[in-house]
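Colleague: Chains as they are written, first to last, in my numbering: chain Y, 396 to 672; chain V, -13 to 342.
Note that beta-carbon positions come from the ideal geometry of N, C-alpha and C, so glycine has one too.
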Ligand SMILES: Cc1ncc(C[n+]2csc(CCOP(=O)(O)OP(=O)(O)O)c2C)c(N)n1
Ligand code: SF4
Ligand SMILES: [Mg+2]
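#1: May I have the straight-line CA-CA distance separating residue 612 of chain Y from residue 583 of chain Y, to the nearest angstrom?
#2: How would you call residue 241 of chain V, buried or exposed, if buried means at least 16 neighbouring beta carbons within 10 angstroms?
#3: What would DSSP say about residue 662 of chain Y, mapped onto helix, strand or coil?
#4: Helix, strand or coil: how does DSSP classify residue 178 of chain V here?
#5: Let me know the secondary structure DSSP gives residue 399 of chain Y once reduced to three states.
#6: Could you list which residues in chain Y have their beta carbon closer than 7 Å to that of residue 198 of chain V, in chain order?
#7: Please say whether residue 57 of chain V and residue 181 of chain V have beta carbons closer to each other than 9 Å?
#8: Taking the straight line between their C-alpha atoms, what separation do you get for residue 625 of chain Y and residue 518 of chain Y?
#9: Using 9 Å as the limit for Cβ to Cβ distance, is residue 9 of chain V near chain Y?
#10: Spell out the partners DSSP gives residue 455 of chain Y in its beta bridges.
#11: Listed in chain order, which residues of the stretch 495 to 510 of chain Y have Cβ atoms closer than 7 Å to some Cβ of chain V?
#12: Taking the beta carbon of residue 453 of chain Y as the centre, do at least 16 other beta carbons fall within 10 Å, making it buried, or is it exposed?
#13: Going by C-alpha to C-alpha distance, which of V/246, V/218 and V/221 sits closest to residue 228 of chain V?
#14: Would you list the one or two residues that DSSP bridges to residue 596 of chain Y?
#15: Using a Cβ-Cβ cut-off of 9 Å, state whether residue 34 of chain V counts as contacting chain Y.
#16: If the cut is a Cβ gap below 9 Å, which residues of chain Y does residue 242 of chain V touch?
#17: Does the beta-carbon distance from residue 248 of chain V to residue 299 of chain V come in below 9 Å?
#18: CB-CB under 7 Å to residue 593 of chain Y, same chain, minus the five flanking residues each way: which ones, in chain order?
#19: Grouping DSSP H, G and I as helix and E and B as strand, with all else coil, what is residue 636 of chain Y?
#20: Any contact of the stretch 627 to 638 of chain Y with the stretch 529 to 547 of chain Y, i.e. 3+ C-beta pairs under 8 Å?
#21: Do three or more CB pairs link the stretch 151 to 166 of chain V to the stretch 47 to 54 of chain V at distances below 8 Å?
#22: Rank Y/576, Y/554 and Y/621 by C-alpha distance to the C-alpha of residue 533 of chain Y and give the top, closest one.
#23: Using a Cβ-based criterion (distance less than 8 Å to any ligand heavy atom), does residue 634 of chain Y qualify as near ligand 2?
#24: Measuring only the C-alpha atoms, how far is residue 497 of chain Y from residue 576 of chain Y?
#25: Under three-state DSSP, which class holds residue 100 of chain V?
#26: What residue does the beta strand (DSSP E) around residue 60 of chain V start on, and which one ends it?
#27: In the DSSP output, what is residue 510 of chain Y paired with across the bridge?
#28: Indicate whether at least one CB of chain V lies closer than 9 Å to the CB of residue 664 of chain Y.
#29: Excluding sequence positions up to five away, which residues of its chain have a Cβ less than 8 Å from the Cβ of residue 119 of chain V?
#30: Just to confirm, does residue 438 of chain Y get its C-beta within under 8 Å of one of the non-hydrogen atoms of ligand 3?
#31: Verify whether the separation of the beta carbon atoms of residue 506 of chain Y and residue 463 of chain Y is less than 9 Å.
#32: Can you tell me the Cα-Cα spacing of residue 527 of chain Y and residue 500 of chain Y, whole angstroms?
#33: With DSSP as the reference, label residue 405 of chain Y as helix, strand or coil.
#34: Is the stretch 57 to 67 of chain V touching the stretch 99 to 118 of chain V, taking contact as three or more C-beta pairs under 8 Å?
#35: According to DSSP, is residue 236 of chain V helix, strand or coil?
#36: How about residue 472 of chain Y: is its Cβ closer than 8 Å to a heavy atom in ligand 5?
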């Protein structure tokens, strides 16, 4: 019996193992982008961060802009983003990614500059830097990972925590009369004239991932126009701190999160602006 | 040699930044240094450089981080409350080993304090300020000329050591007008391609700027590397000025504005027959401990004069190691001691130590 065949115990059913020559006969329909570093990620199973890292790197590869891209990592679960993205990156202090990105982009206006930030990072400690960067219309892309909790510090309440949602610092559920309502970052920032493209997406289903990818492609491309800030808010799964299985977390987004954070484009460029594409 | 100009300290510093090839300045208005941002807002665009009024000092220092991390010659300036806000960012900059120049035009505090000059930020500047083990090279100008000169020096030292450099001036030197001359300067070519985030070509590995080393073993290696650098700085960059020390029985130790007042006090004391000299530290970090120790063989007493409650005097004592008495005289709250006041205090101390 050839050694690359396995025999299931107590049966005589022979299963052919994956065979090099055979594999080559298939068309490759999917591969990890070369811009994604080939190491194990530290994220929990079912976490949105790993998926969105991969999407961003796919877009960088597709647009062939690795040489022209500089990313800014936040303080949060994705603090190690630069271990996974094979591009030049800077690690910003908690909340300051948009200021750091401003420093980079103003000096290198020809580069594609993006920040990658959690909701604690962007919507709490860093909302000032974020709002001002967008108000100035910095030609950067902000990828905003909204998982409604502080993931890294183990599940405290965020400015985006849903009303009534249990977290380690809102053990009886978020009391809106005490802490206010969740901040709808995308809607808030879309009001600023400096924002050019604002959308809210998710990555909890194949369809959602496709839409997010499309949004990221557009947002990267729009930087060439020098017309303002692009904000892609992504509702991120955090099964660990939501105390759910990955499947339950994916469902929770469709059933609960979207009530507060409806998905879809909030501000889109007009056709005139997009003529060059 | 270029001609002399009459300029405010803050403006001389701003002009020097342009001549030093500063690519970008980020700042936020605060008295007594708003002239810097105003001057640069007017002049930088003429040189195709970036100048930006940030939304806060927190933002400006982080913009500095971004621009410096991309390999550009970058600076910010502020005054005490604003510099306090920058401390987190400065710690990150030091941790990530980014070269940049930060200027503090020190006003008196604590809190909102007053807009008058002070030297109360000595500890903050020299002993850390932000969190963690790091040091900045701290340059203390005592004239408008030095406010200009130390911009060139500061940028060069920052590049040489990949470390933030702080110029610690004060509201008086920042605001006063004196003659100043700009010496011809060529910005040295520095290859930053091994670390600056300019976009990763296929030909090299990715560059990333970070101060994060989560594994204790790695963090300590990074700490030790930084310590090695600070040791080199201590060995090579101590700067100070001595006046009338050759025959001195007593010594004033003072920096910046206090040193200028002490110079006048020294003249008065010498007319009275008191042989006193002045040691003016120019670098507050690294500090001239060694020279102070040497002088203990000669002088009977040292008097540290400061515009604070007694901060640098601790470093004088560290240098002197108890070999001679070290005294302190200071005013606070933006008040200036007169030279006569200092001499009076000096005479009292001499009598006291003579009697004991
Ligand atoms: C100045 C400062 N304050 C607090 C922290 C601690 N801290 C680290 S990450 C974090 C929150 C991260 O939450 P989020 O931005 O939502 O990112 P996530 O981990 O959920 O992706 C906090 C509070 C810090 N590092 N620095
Ligand atoms: S804690 Fe949440 S955000 Fe952080 S890695 Fe785990 S699932 Fe992802
Ligand atoms: Mg979060």
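Modeller: Let's see:
#1: 23 Å
#2: buried
#3: strand
#4: coil
#5: No answer about residue 399 of chain Y holds up, because its pLDDT of 43 lies below 50 and its placement is not dependable.
#6: 474 and 486
#7: yes
#8: 16 Å
#9: yes
#10: DSSP, once it has assigned bridges, lists no residue as partnering residue 455 of chain Y.
#11: 495, 496, 497, 498, 499, 501, 502, 503 and 506
#12: buried
#13: V/246
#14: Y/629
#15: no
#16: None at all; the shortest Cβ gap to chain Y is about 30 Å.
#17: no
#18: 581, 584, 585, 626, 661 and 662
#19: helix
#20: yes
#21: no
#22: Y/621
#23: yes
#24: 29 Å
#25: coil
#26: 60 to 64
#27: Y/467 and Y/537
#28: no
#29: 209, 212 and 213
#30: no
#31: yes
#32: 15 Å
#33: The predicted position of residue 405 of chain Y is uncertain, since its pLDDT is 49 and thus under 50; no value can be drawn from it.
#34: yes
#35: strand
#36: Absent from the structure shown: ligand 5. Ligands present: ligand 1, ligand 2 and ligand 3.
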